[in-house]
Amino acid sequence: RRNTMIWILSLLTIVVSSVFLPWWCSALACLLFGVLNLSPLRAGLSSFLALFGSWIGAAFFLDRGVSFTLGSRLAEILQLPHPIMVYFVFALVGGLWGGLFALGGCHLRRLFGSAEEGRLFST
875 RRNTMIWILS
885 LLTIVVSSVF
895 LPWWCSALAC
905 LLFGVLNLSP
915 LRAGLSSFLA
925 LFGSWIGAAF
935 FLDRGVSFTL
945 GSRLAEILQL
955 PHPIMVYFVF
965 ALVGGLWGGL
975 FALGGCHLRR
985 LFGSAEEGRL
995 FST
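Okay, so the sequence shown: first residue is 875 according to the working numbering, each after it adds one.
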């Protein structure tokens, strides 16, 4: 239940930040959710899925606006058999981007966290 709420909250944050801010601000949202989440696996997976879903939706929405010609042209350039695969390539790149930033957020929390959490550097 908590993972689902974190995933939905991260998805909403990513979508809103993607609409109003530059594309790379979605990584900052993933970094924030990495800091707030408990385990690196949960943070990385939830951010991966959230960014994967938002980027595949954005690719479909943008390609729909140009009568699905952009996906076909990019599939030819990338030598992919079907234009739908272009969406998955974009979403995979975005998902990896978000997952890595969430893992970075978890490690930042561990780096600067309390001694009970296993802080790496003592002050």
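For glycine and all other residues, C-beta sits at the position ideal for the given N, C-alpha and C.
The alpha helix (DSSP H) spanning residue i covers which residue range?
| i | result |
| --- | --- |
| P955 | Taken as a continuous stretch (DSSP letters only), P955 belongs to no alpha helix (DSSP H), as it is neither H nor E. |
| N877 | R876 to F894 |
So, for residue i: in the same chain, excluding its five sequence neighbours on each side, which residues have a beta-carbon less than 8 Å away from its beta-carbon?
| i | result |
| --- | --- |
| I888 | S900, A903, C904, A924, L925, S928 and G972 |
| L919 | G973 |
| Y961 | I930, A933, F934, D937 and G945 |
| V909 | G979, C980, L982 and R983 |
| F922 | G969, L970, G972, G973 and A976 |
Looking at the structure shown, is residue i part of a helix, part of a strand, or coil, going by DSSP?
| i | result |
| --- | --- |
| V940 | coil |
| T997 | Only weak support is given to the placement of T997: the predicted model assigns it a pLDDT of 48, under 50, and the question is left unresolved by the model. |
| S920 | helix |
| I913 | The question names Ile, but residue 913 in the sequence shown is Ser. S913 falls in the coil class under three-state DSSP. |
| G987 | coil |
| W898 | coil |
At the level of alpha carbons, what is the spacing between residue i and residue j?
| i | j | result |
| --- | --- | --- |
| I951 | F934 | 18 Å |
| T997 | G945 | Note that T997 scores 48 on pLDDT, short of 50, meaning its location in the model is unreliable; the coordinates nonetheless yield the value given after this. Rounded to the nearest angstrom, the two C-alpha atoms are 52 Å apart. |
| P896 | R875 | 31 Å |
| G939 | A949 | 17 Å |
| T878 | A917 | 11 Å |
| Q953 | V967 | 17 Å |
| L985 | S913 | 14 Å |
| M959 | G987 | 41 Å |
Look at the Cβ atom of residue i, then the Cβ atom of residue j, and state whether they are nearer than 8 Å.
| i | j | result |
| --- | --- | --- |
| I930 | A976 | no |
| F942 | P955 | no |
| F907 | S892 | no |
| N911 | I882 | no |
Can you find a CB in chain D that lies within less than 8 Å of the CB of residue i?
| i | result |
| --- | --- |
| L936 | The chain labelled as chain D is not found in the depicted structure, where only one protein chain is given. |
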